[in-house]
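A.B. asks: If you read the protein sequences in the order shown, they are chains L, R and W.
Each position in the first sequence, counted from 1, maps to that position plus 771 in our numbering.
Each position in the second sequence, counted from 1, maps to that position plus 19 in our numbering.
Each position in the third sequence, counted from 1, maps to that position plus 2 in our numbering.
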Amino acid sequence: MRELMAFEWRVLRRERTLWLVLAIFIGLGAYASASGARFTGERRAAIAELITEQCARLDSIAALMPQLDAGTDSVPSFLDPRMPAIAGRGAAAQYAILPPGPLTALSIGQADVQPFWAQVTTRTKQTFFVNDEIENPARLLAGRLDVAFVILVVFPLLVLALTFDVVAGERERGTLALVLAQPVEPRRVLGAKVGLRAILVAGMAIALIIGAAVATGLPLSDAQTVLRLIAWSGVVLLYGAFWFSVALLVNARRLSAAASAVALLGAWLLVIVVLPALAAAAISVTHPAPSRIALTTQLREATDAAAERRQDAVATFLLDHPGAASDSSARSDPFVQAVALQDAAERTMAPHYVAFDAALDAQRRAAERFRLLSPALVVQGALLDLSGSGEHRFRHYERQFDRYHETWRETFTARMLRQERLNAATLAALPAWMFVEEGWSTLGARLAPGLLILLALVLAIGVSGWRALDRAGRTA
Amino acid sequence: MLRTIASKEYRELLRDGRFRWAGGIVAGLLLVAGLAGFIAWREQAAQRDAAQATMQATWFNQPPKNPHSAAHYGLWAFKPQMPLAFVDRGVDPYAGTASWLEAHRMNEFRFRPAMDATAAQRFGEWTAAGVLQQLIPLLIILLGFSAFAGERERGTLRQLASLGVPTATLLRGKALGVTAALAVLCVPAAVIGAALVTMSSGASGLLRLGALSTVYLAYFGVILTVVLVVSAQARSARAALVTLLALWAANGLLVPRVAADVAQAAFPTPTAREFQAQVQRALATGIDGHSPRGARADALRDSVLRTNGVSSVDSLPFNYDGFAMQRGEEHANEVYAHYFAQLWDRFGQQDRAQLVGTVVAPVIAVRFLSMGIAGTDFGQHRAFAEQAEAYRQEFNRVMNHEIRDQARADESFSYQADSTLWRSIPAFTYEAPSLGHALATHTVSLMALGAWLVLAALLVRRERRIEVA
Amino acid sequence: MTTVTPSPLLEARGLTKRYGDTLALDTLDLSVGAGEVYCLLGANGAGKSTTINCFLDFVRPDAGSAMIGGTVAAQDPIGTKRRLAYIPETVMLYSNLSALENLEYFATLATGGRPVRAELAQHLRTAGLTDTQLDQRVGGFSKGMRQKVGIAIALAKGADVLLLDEPTSGLDPKASNEFHRLLGLMRDRGAAVLMATHDLFRAKESGTRIGIMKAGRKVAELRADEIGHADLEQLYLTHMHD
């Protein structure tokens, strides 16, 4: 087998197709890496700005507080950062930041349309995810040429270009007759041809991934990053194996080179265009995204309703949060009233939020099911998830955000009721935001079904192609 | 003779398995895209209209309160769906759908639909426009790549030539035949589209649908010409197919993305934080950076006192707080108008820069034109944003003037107005730009498409000799 | 000329092949012994190529069997192919490889081992290629030169059965004569040669026995030395008329 491949290499390397494919790979890979690097660079710079601003703000408050205590400085009461209500509502607010995923430079995915930061205050949740990065909508529409796109869409075309005429080309050139007159199983000779191309393509893919990883400055000393890269490469190789198995099957049928090309192109269209289109249509018809506009309307109505029964709201609030320094002063404290109203509105909204989140989660789960329709979707999901730029990581972030928001609010509500002022020490002790990546078990559980089904598909198609290859040995 | 050639080509294509399969699949996708799009569109349109009505009602039904509080309460504006948005969603998924109109601040649009969609949908979703822009050209390639090259290989081209058929007739005849085969697919699609549009939006939608059809017909004409010319010039059917597929892949997959990147690099936009910082700075220190808020306030007060010849604001014949707030509001409005216009103009520059890519990829021009006609391009998002902003400025003005004119000096923030004031401002309605206006915004795209048509015509003229062997 | 040995290396018994309604081969019986050159004459579509394809297991007969050295080709395609060498009408090779590289490839396939380059070069020289031609890319080779590479493959294989399909069509007289010399070489080494051809002259010159096929059947068989050139032509045309 090895000699056969060595000979095939000799033939192949003197033809133009291989070098053309390699050139396209390198060119697109370089461009895609630059694109990804630029994106993560800009994202990191934006995050750095946020952190700088936060530190500066908190430092200046920490410096101001002792001066206010000492009386050497004064601010209007509605700007006094020592008041928990003021601090919690904005002055001491921290940013809950979603850093770019471990491999986002390779696969930008949804990261360009999802918010990546929110300022956590004591206000209601709906005011938060409003910080979209400024981006021309037409550019978001065009999409990004990142490494994942090259792999998903262009890579199969390159495989197609290399494999469509393995058998048919030999037949049309006339060398097939001479080859098959030799005492070798046609399967081995033809298999060696396809096999060599598979090895070359796998090599190119791995080189692309490593090259892109280096070019985009991924931290290759970090174990997590390396693990994800390895998993990423595995998925890419599985995808390549899928396309090679399809090529094997097409080559085994006795078609002309042109007909093989059309058949493979048809397969490409089916997997990349038709099936995903059906899947997307199915998702949007069966599980449309819940309406944030409806939620906004409901929130407004809930707030209005709470305001109408202000005193009831305050009373309920004080019952739920015992520990007020003094009930009467609390009742008349405008800050307490504001928080109480907000609380009442949120209680009305709670079932709506739950329904909203449930609908969103149902949509995500349906999407995972419909992905199974097409290998391209399965691979896209895996690549995005491993890169950390899919919708699951964002939901993970939202859930952590919710918990942090709750903690923040409780801290400040307690202080506000106890009429405790903040000082520099307590400021430093406020709960800090820490984003925790999804664990491998969660990732694995989510990705395993699709990838295993794809593996089974590859094996099935590959085996039937391998068996059928023998029949290609008949030239008449 | 033209008709003979055309009808033979047409019959051959219709019987060809290629056409049946590929045409069937493309037709199926077009149907799925159109219908799924329509269902979603209708759902969205109803939701937004209902939500807007609810919001307007909350405004009208406000209890008696201080007008400034009402201004802070504000109103939400929800962008409505345009009639043809189900054919071409344009930038709608990527532009916000809701804006909170309140006092002192011009807010950005929130809730991009794309944020709530899954990655699978972003990868896989095909709108009808997408099918028309990317897949019909592929179908045309499939139908036409062997028109000349295949006949040459089979030897029938030589026979035709020996009969004395002029080249131009051959070209036109084949073009006609392929067009007729395509029409089998496109005409029913157009009819269904027209039915859906009439059902949902009436005659205005039909006019736009007509304009859209014309644009796409021109585009298909260009593609068909290129395909036939390549087929005539290629050495073999296989070479023709490879060339055309490479062109198609570059056209559809690569060039639009690269063009967008290049446009962004040539005309960069500020980050959200930079933008906010710029705005905040200008609000504090004036647009020219030289007149801080405090100083401006003092200067204003002094000049008003002087003009009215009094020594304290309490003696003014109107409420000074109301007056000052409105002045402050107007200053803020100027700042916002300036910076947002700058930003939106920058987007427009980027879009025009993208059009440079049309030189190799006509699909870019068609994309912009299609969005423009459907009413889903950025220009029309901007129009909505501007109208919403104008409404915001209006109701702020009315609220501030109410205080200025009706409140006594000591009751600036305790004066109460009631629903007569709220209802004195008519409901917010959006007037979409007309079709003519939309087309005027996209003259460059129109010219680009026109240039491609001219090029196609020239190519056809130039084909005087086709190699027959 | 050596005498015909009793056990034929190449044998067809009742070989029948149908393509749809057409009977390409109709119970054909054929045998070629070691050191024999059997020339199969017939018009286009008479079944000559189909016969050869049966021995190569390129097609499976509907009835009867094609045997190489007593083994049925359909039952042991690999084993039978080891013993035979096939030279098609136009020997198509890998244009970007040299003659030697092409031979190396096919010889490796043929023997399963690693052929020695020096030996392969010698085979090419025996087949009639010059030293410069050994390393030339075959893309520019003439039909005769390609055929020589084909013969070199047969030599490298040490095949004792040779299947030739229209070997002299398109060869100029000099090349045709060289072919005759090489054919004699193979025959003298004890190979059984089956040659499908239109070339009546070459059939009489190089052949041991001649068979005439028409519509899938063998309508005449005779020894080459039993008949003269003119009579052979007459016989052939007579059978074609029926």
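All residues carry an ideal CB built from backbone N, CA and C; glycine is no exception.
Looking at the structure shown, is residue 877 of chain L part of a helix, part of a strand, or coil, going by DSSP?
C.D. replies: What you label residue 877 of chain L is simply residue 106 of the first sequence in a count that begins at 1. Residue 877 of chain L falls in the coil class under three-state DSSP.
A.B. asks: Give a yes or no on whether 8 Å exceeds the smallest Cβ distance from residue 949 of chain L to chain W.
C.D. replies: What you label residue 949 of chain L is simply residue 178 of the first sequence in a count that begins at 1. Output row for residue 949 of chain L: interface = yes.
A.B. asks: For residue 150 of chain R, which of R/471, R/29, R/46 has the nearest alpha-carbon?
C.D. replies: To locate residue 150 of chain R, count along the second sequence from 1; it is residue 131. For residue 150 of chain R, the nearest C-alpha among the options comes from R/46.
A.B. asks: Applying the criterion that 16 or more other CB atoms from any shown protein chain within 10 Å of the CB defines a buried residue, is residue 119 of chain R buried or exposed?
C.D. replies: Mapped onto the second sequence, residue 119 of chain R falls at position 100. By the neighbour-count rule (16 or more Cβ atoms within 10 Å), residue 119 of chain R is buried.
A.B. asks: Over what stretch of residues does the alpha helix (DSSP H) that includes residue 70 of chain W continue unbroken?
C.D. replies: Your numbering for residue 70 of chain W matches position 68 in the third sequence. That residue, residue 70 of chain W, is in no alpha helix (DSSP H); its beta strand (DSSP E) goes 65-70.
A.B. asks: Give the secondary structure of residue 339 of chain R by DSSP, where H, G and I count as helix, E and B as strand, and everything else as coil.
C.D. replies: Locating residue 339 of chain R in the second sequence gives position 320, counting from the first residue. If DSSP states are grouped into helix, strand and coil, residue 339 of chain R belongs with the helices.
A.B. asks: Tell me the rounded alpha-carbon separation between residue 415 of chain R and residue 867 of chain L.
C.D. replies: Sequence index remark: in the second sequence, residue 415 of chain R carries index 396 (1-based). Sequence index remark: in the first sequence, residue 867 of chain L carries index 96 (1-based). When rounded, the distance between both Cα atoms is 33 Å.
A.B. asks: I want to see whether chain L comes within less than 8 Å of residue 224 of chain R, judged by CB atoms only; does it?
C.D. replies: Working through the second sequence from its first residue, we reach residue 224 of chain R at position 205. Not an interface residue.
A.B. asks: In the DSSP output, which residue or residues are listed as bridge partners for residue 867 of chain L?
C.D. replies: Numbered from its first residue, the first sequence carries residue 867 of chain L at position 96. Answer is L/889.
A.B. asks: Per DSSP, which residues does residue 26 of chain W bridge with? Please list them.
C.D. replies: Position 24 of the third sequence holds residue 26 of chain W. For residue 26 of chain W, which the question treats as bridged, DSSP gives no partner whatsoever.
A.B. asks: Starting from residue 924 of chain L, trace the beta strand (DSSP E) both ways and give me its first and last residue.
C.D. replies: Position 153 of the first sequence, counted from the first residue, corresponds to residue 924 of chain L. Looking at the DSSP string, residue 924 of chain L is not in any beta strand (DSSP E), and its letter there is neither H nor E.
A.B. asks: Short of 7 Å in beta carbon distance, which residues of its chain neighbour residue 433 of chain R, apart from the five on each side in sequence? Order them along the chain.
C.D. replies: Numbered from 1 along the second sequence, position 414 holds the residue referred to as residue 433 of chain R. The residues are 85.
A.B. asks: Quick one: Cα of residue 435 of chain R to Cα of residue 320 of chain R, how far?
C.D. replies: The sequence position of residue 435 of chain R within the second sequence is 416, counting from 1. The sequence position of residue 320 of chain R within the second sequence is 301, counting from 1. Their backbone Cα atoms lie some 25 Å apart in a straight line.
A.B. asks: I'd like to check one pair, residue 56 of chain W with residue 87 of chain W: are the Cβ atoms closer than 8 Å?
C.D. replies: For the purposes of this step, residue 87 of chain W is identified with residue 85 of the third sequence, where counting begins at 1. For the purposes of this step, residue 56 of chain W is identified with residue 54 of the third sequence, where counting begins at 1. No, they are not a contact pair.
A.B. asks: Listing by chain order, which chain A residues have their CB less than 8 Å from the CB of residue 960 of chain L?
C.D. replies: Judged by its chain identifiers, the structure shown contains no chain A, and its protein chains are L, R and W.
A.B. asks: Could you name the residues of the region 1132-1144 of chain L whose beta carbon sits closer than 8 Å to any beta carbon of chain R, in the order they occur along the chain?
C.D. replies: Answer set for the region 1132-1144 of chain L: 1134, 1135, 1138, 1141, 1142.
A.B. asks: Quick one: grab the DSSP three-state call for residue 988 of chain L.
C.D. replies: Position 217 of the first sequence, counted from the start, is the residue given in the question as residue 988 of chain L. In this structure, residue 988 of chain L counts as coil in the three-state DSSP scheme.
A.B. asks: Assuming the contact rule is C-beta atoms closer than 8 Å, residue 891 of chain L and residue 1179 of chain L should be a hit. Round their C-beta distance to whole Å, please.
C.D. replies: In the first sequence, counting from the first residue as 1, residue 891 of chain L sits at position 120. In the first sequence, counting from the first residue as 1, residue 1179 of chain L sits at position 408. The Cβ separation is near 5 Å, so the contact holds.
A.B. asks: Checking 8 Å against the spacing of the C-beta atoms, do residue 137 of chain R and residue 128 of chain R come in under that value?
C.D. replies: Numbered from its first residue, the second sequence carries residue 137 of chain R at position 118. Numbered from its first residue, the second sequence carries residue 128 of chain R at position 109. The answer is no: Cβ separation not under 8 Å.
A.B. asks: Taking C-beta pairs closer than 8 Å, name the residues in chain L that residue 66 of chain R reaches, listed in chain order.
C.D. replies: In the second sequence, residue 66 of chain R corresponds to position 47, counting from 1. By Cβ distance, chain L contributes 1062, 1064, 1065.
A.B. asks: By a C-beta neighbour count over all protein chains shown, 10 Å radius and 16 as the cutoff for buried, is residue 838 of chain L buried or exposed?
C.D. replies: Taking the first sequence and counting its residues from 1, one reaches residue 838 of chain L at position 67. Exposed is the call here.
A.B. asks: Quick check: what's the CA-CA separation for residue 939 of chain L versus residue 43 of chain W?
C.D. replies: Taking the first residue of the first sequence as position 1, residue 939 of chain L is located at position 168. Taking the first residue of the third sequence as position 1, residue 43 of chain W is located at position 41. About 31 Å.
A.B. asks: Counting only C-beta atoms, is residue 403 of chain R closer than 8 Å to chain L at any point?
C.D. replies: Against the second sequence, residue 403 of chain R aligns to sequence position 384. By this cut-off, residue 403 of chain R is not an interface position.
A.B. asks: State yes or no: is the C-beta of residue 872 of chain L within less than 8 Å of the C-beta of residue 1164 of chain L?
C.D. replies: On the first sequence, residue 872 of chain L is found 101 positions in, with the first residue counted as 1. On the first sequence, residue 1164 of chain L is found 393 positions in, with the first residue counted as 1. The answer is yes: Cβ separation under 8 Å.
A.B. asks: What are the partner residues of residue 19 of chain W, as DSSP defines its beta bridges?
C.D. replies: Walking along the third sequence from the start, residue 19 of chain W turns up at place 17. Residue 19 of chain W pairs with W/27.
A.B. asks: Would the region 1017-1027 of chain L count as touching the region 937-957 of chain L if we require 3 or more Cβ pairs under 8 Å?
C.D. replies: Touching, yes.
A.B. asks: Going by C-alpha to C-alpha distance, which of R/41, R/393, R/439, R/388 sits closest to residue 203 of chain R?
C.D. replies: Locating residue 203 of chain R in the second sequence gives position 184, counting from the first residue. Out of R/41, R/393, R/439, R/388, R/41 has the C-alpha closest to the C-alpha of residue 203 of chain R.
A.B. asks: I want to see whether chain W comes within less than 8 Å of residue 885 of chain L, judged by CB atoms only; does it?
C.D. replies: Against the first sequence, residue 885 of chain L aligns to sequence position 114. No, residue 885 of chain L does not count as interfacial toward chain W.
A.B. asks: Would you say residue 70 of chain W reaches chain L, if we count a Cβ-Cβ gap shorter than 8 Å as a contact?
C.D. replies: Taking the third sequence and counting its residues from 1, the one referred to as residue 70 of chain W is at position 68. So, not an interface residue.
A.B. asks: Just reading off the alpha helix (DSSP H) that residue 92 of chain R is part of, what are its end residues?
C.D. replies: Residue mapping note: residue 92 of chain R aligns to position 73 of the second sequence, counting from 1. Looking at the DSSP string, the run of the alpha helix (DSSP H) that includes residue 92 of chain R is 86-92.
A.B. asks: Output, in chain order, the set of chain L residues within a Cβ distance shorter than 9 Å of residue 179 of chain W.
C.D. replies: Taking the first residue of the third sequence as 1, we reach residue 179 of chain W at position 177. In chain order: nothing, as chain L lies at least about 24 Å away.
A.B. asks: Suppose you measure from the CA of residue 771 of chain L to the CA of residue 110 of chain W; what does that come to, to the nearest Å?
C.D. replies: No answer is possible for residue 771 of chain L: the residues shown for chain L start at 772 and end at 1247.
A.B. asks: For residue 1130 of chain L, which residues in the same chain have their Cβ closer than 8 Å to its Cβ, ignoring the five residues on either side in sequence?
C.D. replies: What you label residue 1130 of chain L is simply residue 359 of the first sequence in a count that begins at 1. So the qualifying residues of the chain are 1058, 1060, 1061.
A.B. asks: Hey, out of R/323, R/363, R/347, R/349, whose CA is closest to residue 337 of chain R's CA?
C.D. replies: Taking the first residue of the second sequence as 1, we reach residue 337 of chain R at position 318. If we check each option's Cα against that of residue 337 of chain R, R/323 comes out closest.
A.B. asks: Once you ignore the five residues that flank residue 75 of chain R on each side, which residues in its own chain have a CB closer than 6 Å to its CB?
C.D. replies: Position 56 of the second sequence holds residue 75 of chain R. So the list reads 446, once near-sequence residues are dropped.
A.B. asks: If we define contact as Cβ-Cβ less than 8 Å, is residue 934 of chain L a contact residue for chain W?
C.D. replies: For this step, residue 934 of chain L is matched to residue 163 along the first sequence. No, no contact with chain W.
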